[in-house]
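Protein chains: 4
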Amino acid sequence: MSTATIEERGAVASTAETMKAFVMEGLGKVSLVEKRVPRIGPGDALVRTTAALLCASDVHAVGGALGVRHNLTLGHEAVGRIEKLGSAVQGLRVGQRVTAGAVTPCWRCENCQRGYPSHCGRVLGGWKFGNVKDGNLAEFFQVNDAEANLCPIPDTIPYEAAVYTCDVMSTGLAGAENAAIPAGGTVAVFGLGSVGLMATAFARLLGAGLVIGVDSVPARQALARRYGADEIVDFRKAGPVEAVRRLTDERGVDSAIEAAGAAESFANCVKVTRPGGTISNVGYHGYGDSVAIPSLEWGAGMADQTIRTSLCPGGRVRMERLLRLIEAKRLDPTAMTTHRFAFSEIEKAYHLMATRADGIVKALIVF
Amino acid sequence: MSTATIEERGAVASTAETMKAFVMEGLGKVSLVEKRVPRIGPGDALVRTTAALLCASDVHAVGGALGVRHNLTLGHEAVGRIEKLGSAVQGLRVGQRVTAGAVTPCWRCENCQRGYPSHCGRVLGGWKFGNVKDGNLAEFFQVNDAEANLCPIPDTIPYEAAVYTCDVMSTGLAGAENAAIPAGGTVAVFGLGSVGLMATAFARLLGAGLVIGVDSVPARQALARRYGADEIVDFRKAGPVEAVRRLTDERGVDSAIEAAGAAESFANCVKVTRPGGTISNVGYHGYGDSVAIPSLEWGAGMADQTIRTSLCPGGRVRMERLLRLIEAKRLDPTAMTTHRFAFSEIEKAYHLMATRADGIVKALIVF
Amino acid sequence: MSTATIEERGAVASTAETMKAFVMEGLGKVSLVEKRVPRIGPGDALVRTTAALLCASDVHAVGGALGVRHNLTLGHEAVGRIEKLGSAVQGLRVGQRVTAGAVTPCWRCENCQRGYPSHCGRVLGGWKFGNVKDGNLAEFFQVNDAEANLCPIPDTIPYEAAVYTCDVMSTGLAGAENAAIPAGGTVAVFGLGSVGLMATAFARLLGAGLVIGVDSVPARQALARRYGADEIVDFRKAGPVEAVRRLTDERGVDSAIEAAGAAESFANCVKVTRPGGTISNVGYHGYGDSVAIPSLEWGAGMADQTIRTSLCPGGRVRMERLLRLIEAKRLDPTAMTTHRFAFSEIEKAYHLMATRADGIVKALIVF
Amino acid sequence: MSTATIEERGAVASTAETMKAFVMEGLGKVSLVEKRVPRIGPGDALVRTTAALLCASDVHAVGGALGVRHNLTLGHEAVGRIEKLGSAVQGLRVGQRVTAGAVTPCWRCENCQRGYPSHCGRVLGGWKFGNVKDGNLAEFFQVNDAEANLCPIPDTIPYEAAVYTCDVMSTGLAGAENAAIPAGGTVAVFGLGSVGLMATAFARLLGAGLVIGVDSVPARQALARRYGADEIVDFRKAGPVEAVRRLTDERGVDSAIEAAGAAESFANCVKVTRPGGTISNVGYHGYGDSVAIPSLEWGAGMADQTIRTSLCPGGRVRMERLLRLIEAKRLDPTAMTTHRFAFSEIEKAYHLMATRADGIVKALIVF
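Set out below in structure tokens:
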């Protein structure tokens, strides 16, 4: 793509040559640095960032979850205005307000064609921002396959709401969709961080009759109730398996959603799910060699339970549907914004996220 | 049901009062004893056994897998002729040749209505024969909800073939159905005992383009080839994960079927399955507290893989379809009959099954 | 079943010998008559009616939709208290407040086992009340397979709400379930009678992002807005196809639900549905020989559209989930009760229903 | 794309400037003409044709099915060698033997992301060859989005077999997939032209227990038997509805596949399908304004039947699976080649196809 800049279309004359970017210098080390503005190819877009969210995955990455990275720009949840478009891009225009999927597949490769764009090229390969290419905690970011991976934001929706469609809402929805909740059915959501909260909201929005949230942090519990949890189980006060079973007349739930990313929580999901039910995992389980399925409650492998997993699904179509739900006031994600920072304060925000201090759910970064 | 016999219809005058039955006397102890012929209620049938199969589950049961049982008749795979019918039974007649599902649900309870009749009443509760009531390694056996759980055998099909529809074919088919194999897709079957062999046959019959069987026993390997395996992986000669990956150009399979009932085999299924693929478990995993999912190949819980499980599905409709496949010569299950015994020799057959000696796959018991 | 009464259990001593019943005397003729209280068999229940709803199907029946019937008790939507239970019934008790499915399958026959209990025995065969046996517009009614077809009503839910689970809510939900609406997707509901209103409510409850109701009656339009329609199309004011296309940026809807029972409305559903979308029919199309699919918008049979149909699904499990949604205040069906009558006034109610006068949506009959 | 040729990579020096192409001059008129070799853009490929098939759709097009076209090259089923590749194409190389999907989506637009690439851009919009751009009955053809729409052909498979993956096998498979045939279930295929024959083969390959082919042409009947039909119904000898019902013990089939493209045949599909069954349409119904669903057998819109439709699905992944089935000898499509012509004889071939003379099924054109 050495000739890429030749092909750019509609470039704004004054686009800076350099920009500020929040990078992982190496394992365990972050900083705000000056970087060259990314170049774009024929199918790409350059976006001027207006708002972003920090994600626990950024902290995982710095901790080594993705291996060693040097000077990689972090971040995969951001919105902004289109600054430049590659020569082949159609259906978008410079200046447009857009949201960019955290996962940006090519949509053409084998896994994409198979219906698994999140695994573009290889397992988890759709996740490129802040992983295999520079992320979007920067003043500008490049979006591959822009037509398919950017979605215009309706004028009525502020950036601060739209930025939740990049990852949090999409992943939470995947958790609820994969849970195969019958209309009027029962569901337990383990872990009420931002993804768990959206899984709670979508479990309710997709027709669950009883939504049980499981978490011990009061602020999260309160948000879960706001997003539609009918019951809250505080696992510090009672065994969560027993509590969930009690709330379902000892039948167990139709569906359980693992959004805590803890092996014990995953095992509890299996334990509370009735025969024929579904366990939907959206938690990250990268810290151990394996995750255990408890044999007894799994019916020794014969209980007709289904265990499904998902990485954040991307794509313009999905983001458009999520934006429609925000616009139609089915769901307001901004209640999850517990903290706001200017981009210049990003290091402070990062350390808050890393320490999970001050009841943080999501930190919004304003550019 | 104390008045049950009053309601019997069409009883053959000479039905004996007592019969021979092969029982689990207690943990670790079996014997052929004299027992009273079972009584039947209004919705039941009494069947005069003509052929049966021994199952590894019978051996598991005697070993304690179901807890302590006293004088319980073993067996859940049997065919025969209808000897008596309860007063409320319609659509069947005395003298009819029938196959009886290993799993005999009530079809009315909550789990049955939910679409999971194998878990009638409670998890695995559809499995009644040789578990919570007397089985059918006996001269006669009682069938609850006979209309729904017995299926007439077409005249062209011998008992020796039909008896495979009770469990082995139904479970093997469930393994293949749950595997969600795309037409022309790739599948690996781990464990080529009778259920694994039928999973192999059905993977082929449902349109797989590449069927890989994994087992180390030559006789089973030969049967797997006969039933449609395109490739055989002998895990004594090579790492099965590497071998399967090599056979799929390092992409992994679309679907893996666990029919070995071993934790290592289950982990291997996860390891060979590509993102978005399905692991279908039909193996019994009751010997440990848990079964481990390897995190890395599971994409840390985000690889869009699905893990499904199943107990043998029962029901007249399913058996009718299986019989149709036998009749249409799509599949001949009798190649799995490696040994034949008269019912009087049942103890000998049992000990052969228990020791897995002499390359046994299935032992047919003729009455 | 001539000995049925012998088997009754827990009968209340004072059950009357005769009762009032509202019958179809013959084609076009109804009246309130004295009838013998129904007898019950071992698996049945007798229910003392407390509330019922008139249905347009009752009017169709009297008009000849089911053929000639003599002195058949009408009605299939009713709740009450259990008066007697057959000897084989478990899990229910005399005196319990219950709702009875409009469709009461046997749950054991071929179609039931195939997963289509609404077609128990034969097409539409699950519909027995007021069709092939006496209905429940009577002081008592008999319920076959009571364990599976009656559902206890929680104390917190009044009869007047619970009676909507028999048919209206179940059918409306089927309309929305079969429509396969993506989360945040778009749906048009044609016909806003009681079933269309519930389809509207459930489209919203299952996660639609835009729900468009199509009807010309102001009272129904108002109810549709109350139940969650975002937009209303009045087909007297504008072509409904053009209006729906305009509301979806000329893309058409993801899903259309036909609840009007009119051939033109069905064709419009096809016309407004985008490629790959779903048309879900719950309307009754029995008045002509055929219903036409418009070729052009059907992509000449290649548009990847799906047309699904449904009769009201029955069963205790489904009613329990519907009751849970009422209890959890997700949905209040009683806003559809536009008229209330004592059972003695049933003929008046019937004629109102038959003439569709006075803006009637549903007439509640109180016993 | 005016600069496209600059971006070509690996072009063979001697590629001709002009080529022979078989065109639709206008409505009702075809001829073999000289045309400029197509130019390619960055994501495209140029393929040197080695074999092609004529399709009834080519005849429909000339007859006006797509509207007026001038000098449009016909054809959408072809294989060949890659002659040139656009600068952005990865994973393919010049000289490679490839098959090209009849449907060549962009894989990025809204309908593609929704999972309906056949409707790329608009309904049926994935079909570009011989429709909205020049087809491949020419010495060279251009393939858009080549990475996703070309599939390498294994060395063991001759062009003459591979060319059936472009359309006939893919569409026939779609017919069988959409039919949702239960393992061991019953299916009727109406119309045994090439697509119907492949639907027959795939119905068998996907596990049907009884496959009934309906056609009156002896040569097609013979091919249907060869491809797996268990029974043949000749509608000149008996009413096909009655015949199919008789072959299924008056129960009707689980699934019916319409591959005749006739309204009467579509109605018959509905008539022979049991409640809860599926009608899968792959026939072209563009000759009338509408296609009628018979009300009675459709259960007046309540029989839980599903009607699905499909245009030929494209994509490298699908063609790879189809090629795997050919390579594994599950299916040999070449038995459908009833006629062979050199490209210079294409007009003769076309007129044979147009008149359906000489028992033609498929005419192979060799370059």
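Chains as they are written, first to last, in our numbering: chain A, 1076 to 1442; chain B, 1076 to 1442; chain C, 1076 to 1442; chain D, 1076 to 1442. For every residue, glycine included, the Cβ atom is placed at its ideal position computed from N, Cα and C.
Which residues DSSP lists as bridging residue i, in chain order
i, result
"A1153(C)", "A1127(C) and A1175(C)"
"K1159(A)", "L1121(A)"
"R1383(C)", "S1355(C) and T1381(D)"
"K1437(C)", "T1412(C)"
"V1105(A)", "M1099(A)"
"M1428(A)", "According to DSSP, which records beta bridges pairwise, M1428(A) is partnered with nothing at all."
"G1288(A)", "V1264(A) and I1307(A)"
Length of the line joining the Cα atoms of residue i and residue j
i, j, result
"A1375(B)", "G1358(A)", "8 angstroms"
"G1282(A)", "L1160(D)", "50 angstroms"
"K1095(B)", "A1126(B)", "14 angstroms"
"A1086(D)", "D1242(D)", "Any reading at A1086(D) must be qualified, since the residue scores a pLDDT of 47, below 50, and its modelled position is unreliable; the value itself is stated next. Those two C-alpha atoms are separated by around 28 angstroms."
"A1297(B)", "N1186(C)", "39 angstroms"
"G1284(B)", "G1260(B)", "5 angstroms"
"S1193(D)", "A1254(C)", "21 angstroms"
"D1379(B)", "T1240(B)", "33 angstroms"
Proximity winner among the options, relative to residue i (alpha-carbon distances)
i, options, result
"R1114(C)", "V1122(C), V1108(C) and A1313(C)", "V1122(C)"
"C1344(D)", "D1407(D), P1388(D), Y1239(D) and V1262(D)", "V1262(D)"
"E1306(B)", "G1142(B), A1294(B), V1289(B) and P1293(B)", "V1289(B)"
"I1232(A)", "R1415(A), R1183(A) and K1404(A)", "K1404(A)"
"E1395(B)", "A1223(B), Y1362(B) and A1258(B)", "A1223(B)"
"H1360(A)", "T1381(A), A1335(A), D1379(A) and E1317(A)", "A1335(A)"
"I1332(A)", "C1241(A), L1397(A), N1186(A) and I1287(A)", "I1287(A)"
"K1110(C)", "E1372(C), M1099(C), P1117(C) and T1246(C)", "M1099(C)"
"N1146(A)", "V1112(A), F1097(A) and N1186(A)", "F1097(A)"
"A1299(C)", "L1272(C), D1309(C) and A1313(C)", "L1272(C)"
"Y1362(D)", "G1118(D), L1141(D) and V1108(D)", "L1141(D)"
"A1438(A)", "L1102(A), G1116(A), L1128(A) and G1250(A)", "L1128(A)"
"A1091(D)", "D1119(D), V1108(D), V1112(D) and C1226(D)", "V1112(D)"
"G1201(D)", "F1215(D), F1216(D) and D1220(D)", "D1220(D)"
"R1391(B)", "L1149(B), Q1171(B), R1156(B) and P1227(B)", "P1227(B)"
"P1369(D)", "G1118(D), K1346(D) and S1419(D)", "K1346(D)"
"T1409(D)", "Y1302(D), S1419(D) and A1342(D)", "Y1302(D)"
"T1124(D)", "V1143(D), T1384(D), C1130(D) and A1153(D)", "A1153(D)"
"G1101(A)", "P1117(A), G1314(A), R1144(A) and S1132(A)", "R1144(A)"
"P1180(C)", "Q1171(C), R1172(C) and R1197(C)", "R1197(C)"
"G1118(A)", "S1291(D), S1355(D), T1353(D) and V1164(D)", "V1164(D)"
Buried versus exposed, by CB contacts within 10 Å (16 or more), residue i
i, result
"E1325(B)", "exposed"
"D1230(D)", "exposed"
"R1431(A)", "exposed"
"S1269(A)", "buried"
"R1168(B)", "exposed"
"T1093(B)", "exposed"
"T1080(D)", "Low confidence applies here, because T1080(D) scores a pLDDT of 37, under 50, leaving its location unreliable and the question unanswered by this model."
"L1212(A)", "buried"
"R1058(C)", "Given a span of 1076 to 1442 for chain C in the structure shown, any question on residue 1058(C) remains unanswerable."
Exercise for the section: Scan the region 1170-1246 of chain B and note each continuous beta strand (DSSP E) run of 3 residues or more that stays entirely inside, going in chain order. Expected result: Listed in chain order, the beta strand (DSSP E) runs fully inside the region 1170-1246 of chain B are 1172-1175, 1215-1218 and 1225-1227, counting runs of at least 3 residues.
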